[in-house]
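S.K.:
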Amino acid sequence: MDVQRYISSGILESYVFGMLPEAELGEIEMAVLHYPEIKAAVNSLQHDKEKFVMLYATPPPPGIKDRLLEIIQQENTQEGNDLLPEELRTPVPTPAKETPVKKLPAAKKSTDRIWKYATAAIVALLFGSVIMNFFFFNRSTDYKSRYRSLIAAQEKLDAQKEQHALTSIKEPTKEPDLLTDPAFKWMKMDGVGAFTGNSVSVGWNPQTQVVYLLAQLMPVPPAGKQFQLWAIVNKKLVDAGVFDGGAEVSQKLQQMKAIAIAQGFAVTLERKGGSTSPTMSQICMSAKVTR
Amino acid sequence: MEHTATYTEAELVQGLKARDQKVFGYLYDHYSPALYGVIVKVLNDNSSAGDVLQDVFLKIWRYLDSYDERKGRLFTWMLNIARNTAIDILRSKSHKLDQKIQNITDAVHSINGPLAVHQSTDYVGFSRILEKLTKEQRTLIDLAYYKGCTQEEISRVLDIPLGTVKTRMRNAIIQLRTILNK
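Written out as C-alpha cells, the structure is:
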C-alpha cells in the first residue's frame, strides 16, 4: 500500500471530520493499526479537530454539573435511574423481561430453519458426492482395465517383434555358419517308400552333441501324427526329438535333442508328441554318419 | 476552578473507571465548554443544548468501560459522543437533508446567528481565525463535522464530484491547520 498516497488522498481528513459512511470506517481503523505513519497522521488530524472545536467552546448554562452529580449519586436507586435518559436506564424488570422472551423463540426459530436447510443441503451434497464417486470409480476402473489390456497387447506385439527380429537375424547369419561349420557333420536323408521324393538334412556336432534338422522337403504330417528323428546307436534307435514338416518350416533349422554317439540317423512318422520306441514300419528315411 | 488537582488522561480514565465522582467533576469542568460548543453548533439551538450536554456526560459516565485507549484519546472519544448524540437529535428532528443544509447555510451566511453568541463570550478571536478560511472551506467543514453529512451528501448538495469533495476537504483542513498553529 502506498502510505503517502493514502495520506494525501484526503480520506483521513474525511475520516476524522466524520464524513465517511460507516462502511468505510473499518478500512481506516485497520490502516491506523497497521501503518504507524497513518496513525500519526490521524492523530495529528484529531489534534487539529480538537483545536478547531475549541474555537467554538462555550461555557454551558450553570446548574448542569450539580444535576449530573446528583444523578450519579442516585444512579443505583430507582429514582436515580428514572432521572437517566431512557437509553441509559437500567432495564426495569417487567417490560425489559418481556422483550427477550418474545425475541428468543423467534430467533431460535430462524436459526432452526437455517439449520434445517443447511442439513438438507449437506445431505443432498453427500448423496450427490456418493453417486459421483461411484460413477467416476467405475469409469476409472474401466479405463484401468482397458489400459491394462492395451499394455498387454503392446507387450505381446513387442515380444513378437523381438522374435521376428531374432529369427530374421538368426536365419541368414547362423544358418550358413552351421552349414559351413566343419565341426558339423551334415547328412541328407532321402525319403523311401511312401516318402520317396522327400528329404531332410541333419547336422550333428559330435563335440557339442548339438543336432539340427532342416526339413527341406517334408509334407505336413497327417492329423495326430508327427515326424520323429532317431539316432542310430549300435543298431538301436535313440530318440532325438520330433520335428515339423511342411513348406513353412522348410527353411528353418529345428534344434533336436542332444546326441552323444551316433552311427546314423533315421526318421519315422509317429503319433503326435513322439514315441519312446520307433515304429519300424513307418520309417521314412535314414542315413549313415559320414566319417 | 474548584479543583486544584490536574489529571493526565490516563489518570482521568482510571478515576472514571473507579467511579470517582471527584474525577467526574473535574472532567466536567475541563471539557464541558468544548462539548457544549459542539452541541450548540450542531443543533443551532441553545434551548435544548443544555439537556443534550447532560445526556452526553451521563453517557460518558456510563459507557466509559467501552472506551479503548488504543483507538484514540479520551477527548476524541468524548467529542464523538457529543457530536453523534447531537446529530442523532438533529436527524430525529428533521430527516430532510434540505432542512439540514438550510440550517448550515444560514449559520454560515449570517454571522450574527449562533456565532454572534460566541462572540459575546470571552472566546473571542475564533471567528477572525476562521475568516481566513474561504467560505466554501468553512461550509465544507461545517457540513461534514457539525451536520454529519457524508461525502456523497456534500457532493450532491454542493454539486461537485465526489473526488473533488475529498481533495477540497483535505485542502481545507491543511489551511485550517496552518491557521490554528500560527
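Chains as they are written, first to last, in my numbering: chain F, 1 to 291; chain Y, 1001 to 1182. Even for Gly, the Cβ is constructed at its ideal location relative to N, Cα and C.
For the stretch 1040-1058 of chain Y, which residues have a beta carbon sitting closer than 7 Å to at least one beta carbon of chain F?
M.R.: So the close ones are Val1040, Lys1041, Gly1050, Leu1053, Gln1054, Asp1055, Phe1057 and Leu1058.
S.K.: What is the DSSP secondary structure of Arg67 of chain F, counted as helix, strand or coil?
M.R.: Against the first sequence, residue 67 of chain F aligns to sequence position 67. DSSP places Arg67 of chain F in helix when its eight states are reduced to three.
S.K.: To which residues of the same chain is Tyr6 of chain F closer than 6 Å at the C-beta, ignoring the five residues directly before and after it?
M.R.: In the first sequence, the residue the question calls residue 6 of chain F occupies position 6. Cβ within range, chain order: n/a, list empty.
S.K.: Is the Cβ of Val130 of chain F closer than 9 Å to any Cβ of chain Y?
M.R.: Numbered from 1 along the first sequence, position 130 holds the residue referred to as residue 130 of chain F. Closer than 9 Å: no.
S.K.: Which residues of chain F have a Cβ atom closer than 9 Å to the Cβ of Leu1012 of chain Y, listed in chain order?
M.R.: Looking up residue 1012 of chain Y in the second sequence gives position 12. Chain F residues near Leu1012 of chain Y: none, gap ~15 Å exceeds 9 Å.
S.K.: Put Glu270 of chain F into one of helix, strand or coil per three-state DSSP.
M.R.: Within the first sequence, the letter at position 270 stands for residue 270 of chain F. Strand, per DSSP.
S.K.: Can you list, in chain order, the residues of its chain whose CB lies under 8 Å from that of Gln209 of chain F, leaving out five sequence neighbours each side?
M.R.: Working through the first sequence from its first residue, we reach residue 209 of chain F at position 209. Closer than 8 Å at the Cβ level, and outside the excluded window around Gln209 of chain F, lie Ala258, Ile259 and Ala260.
S.K.: Comparing the C-beta of Ser1032 of chain Y with each C-beta of chain F, is any distance below 9 Å?
M.R.: By 1-based counting over the second sequence, the position of residue 1032 of chain Y is 32. Yes, Ser1032 of chain Y counts as interfacial toward chain F.
S.K.: Measuring straight from C-alpha to C-alpha, what distance separates Lys185 of chain F and Leu214 of chain F?
M.R.: Stepping through the first sequence from its first residue, residue 185 of chain F is reached at position 185. Stepping through the first sequence from its first residue, residue 214 of chain F is reached at position 214. The alpha-carbon atoms of Lys185 of chain F and Leu214 of chain F are separated by roughly 13 Å.
S.K.: Within its chain, find whatever has a CB closer than 8 Å to the CB of Val1013 of chain Y; leave out the 5 residues flanking it on each side and keep chain order.
M.R.: Taking the second sequence and counting its residues from 1, the one referred to as residue 1013 of chain Y is at position 13. Contacts found: Leu1064, Tyr1067, Glu1069 and Leu1074.
S.K.: Below 9 Å between beta carbons is the criterion; list the residues of the stretch 48-82 of chain F that meet it against any residue of chain Y, in chain order.
M.R.: Here the close residues are Asp48, Lys49, Glu50, Lys51, Phe52, Val53, Met54, Leu55, Tyr56, Ala57, Thr58, Pro59, Pro60, Pro61, Gly63, Ile64, Lys65, Arg67, Leu68, Leu69, Ile71, Ile72, Gln73 and Glu75.
S.K.: Let me know the secondary structure DSSP gives Ala1018 of chain Y once reduced to three states.
M.R.: Taking the second sequence and counting its residues from 1, one reaches residue 1018 of chain Y at position 18. In the structure shown, Ala1018 of chain Y sits in coil (DSSP, three-state: anything other than H, G, I, E or B).
S.K.: For the alpha helix (DSSP H) containing Lys39 of chain F, name the first residue and the last one.
M.R.: By 1-based counting over the first sequence, the position of residue 39 of chain F is 39. Unbroken alpha helix (DSSP H) run through Lys39 of chain F: Pro36 to Met54.
S.K.: Below 6 Å CB to CB, which residues in the same chain sit around Thr1121 of chain Y once its five sequence neighbours on both sides are set aside?
M.R.: As a first step, residue 1121 of chain Y must be located in the second sequence, where it is residue number 121. Low confidence applies to Thr1121 of chain Y: its pLDDT is 38, below 50, so where it sits in the model is not reliable enough to give any reading.
S.K.: Can you pull the chain Y neighbours of Leu25 of chain F, defined as C-beta to C-beta under 8 Å?
M.R.: In the first sequence, counting from the first residue as 1, residue 25 of chain F sits at position 25. Within chain Y, no residue comes near Leu25 of chain F; the closest Cβ sits about 11 Å away, beyond 8 Å.
S.K.: Just the Cα atoms here: how many angstroms apart are Thr1178 of chain Y and Tyr15 of chain F?
M.R.: Here residue 1178 of chain Y corresponds to residue number 178 of the second sequence, with the count starting at 1. Here residue 15 of chain F corresponds to residue number 15 of the first sequence, with the count starting at 1. Between Thr1178 of chain Y and Tyr15 of chain F, the C-alpha separation is close to 19 Å.
S.K.: Going by DSSP, what residues sit across from Tyr1145 of chain Y in a beta bridge?
M.R.: Here residue 1145 of chain Y corresponds to residue number 145 of the second sequence, with the count starting at 1. Paired residue(s): none; Tyr1145 of chain Y is not in a bridge.
S.K.: If the cut is a Cβ gap below 7 Å, which residues of chain Y does Ile324 of chain F touch?
M.R.: Examination of residue 324 of chain F is not possible in this model, given that chain F is present from 1 through 291 alone.
S.K.: Helix, strand or coil: which one does DSSP assign to Ala1049 of chain Y?
M.R.: Taking the second sequence and counting its residues from 1, one reaches residue 1049 of chain Y at position 49. Looking at Ala1049 of chain Y - three-state DSSP - the assignment turns out to be helix.
S.K.: Determine the DSSP secondary structure at Asp1068 of chain Y, reduced to helix, strand or coil.
M.R.: Numbered from its first residue, the second sequence carries residue 1068 of chain Y at position 68. Looking at Asp1068 of chain Y - three-state DSSP - the assignment turns out to be coil, as it is neither helix nor strand.
S.K.: With a threshold of 8 Å, are at least 3 pairs of Cβ atoms found where one atom belongs to the stretch 265-272 of chain F and the other to the stretch 1010-1024 of chain Y?
M.R.: Contact between the stretch 265-272 of chain F and the stretch 1010-1024 of chain Y is absent, because fewer than three Cβ pairs lie under 8 Å.
S.K.: For Val1038 of chain Y, go through chain F and note every residue whose CB falls closer than 8 Å to its CB, in chain order.
M.R.: Looking up residue 1038 of chain Y in the second sequence gives position 38. Simply Val53 and Tyr56.
S.K.: Between the alpha carbons of Gly1113 of chain Y and Asn1044 of chain Y, how many angstroms are there, rounded?
M.R.: In the second sequence, counting from the first residue as 1, residue 1113 of chain Y sits at position 113. In the second sequence, counting from the first residue as 1, residue 1044 of chain Y sits at position 44. At Gly1113 of chain Y, the pLDDT of 39 sits below 50, so the modelled position is not reliable and the matter cannot be decided from this model.
S.K.: Out of F:Ile131, F:Glu50 and F:Leu150, state which residue places its alpha-carbon closest to the alpha-carbon of Ala1034 of chain Y.
M.R.: Mapped onto the second sequence, residue 1034 of chain Y falls at position 34. Selected option, being the one with the closest Cα: F:Glu50.
S.K.: Looking only at its own chain, which residues have a Cβ that is under 7 Å from the Cβ of Ile1060 of chain Y, when we skip the five neighbours before and after it?
M.R.: Within the second sequence, the letter at position 60 stands for residue 1060 of chain Y. Only Met1078 and Ile1081 meet the Cβ criterion.
S.K.: Whole angstroms is fine: what's the gap from Asn205 of chain F's alpha carbon to Leu157 of chain F's?
M.R.: For the purposes of this step, residue 205 of chain F is taken as the residue at position 205 of the first sequence. For the purposes of this step, residue 157 of chain F is taken as the residue at position 157 of the first sequence. Rounded to whole angstroms, Asn205 of chain F to Leu157 of chain F spans 35 Å at the Cα level.
S.K.: Can we say the stretch 1036-1055 of chain Y touches the stretch 53-60 of chain F, given the rule of at least three CB pairs closer than 8 Å?
M.R.: Yes: the two stretches touch, three or more of their Cβ pairs being nearer than 8 Å.
S.K.: First and last residue of the beta strand (DSSP E) that includes Met256 of chain F?
M.R.: Counting from 1 along the first sequence, the entry for residue 256 of chain F is found at position 256. It is not in any beta strand (DSSP E) - Met256 of chain F carries neither H nor E in the DSSP assignment.
S.K.: Please go through the same chain and pick out, in chain order, the residues whose beta-carbon is closer than 8 Å to the beta-carbon of Lys1017 of chain Y, but skip the five residues on each side of it.
M.R.: Here the question's residue 1017 of chain Y lines up with position 17 in the second sequence. Around Lys1017 of chain Y: Leu1064 and Asp1065.
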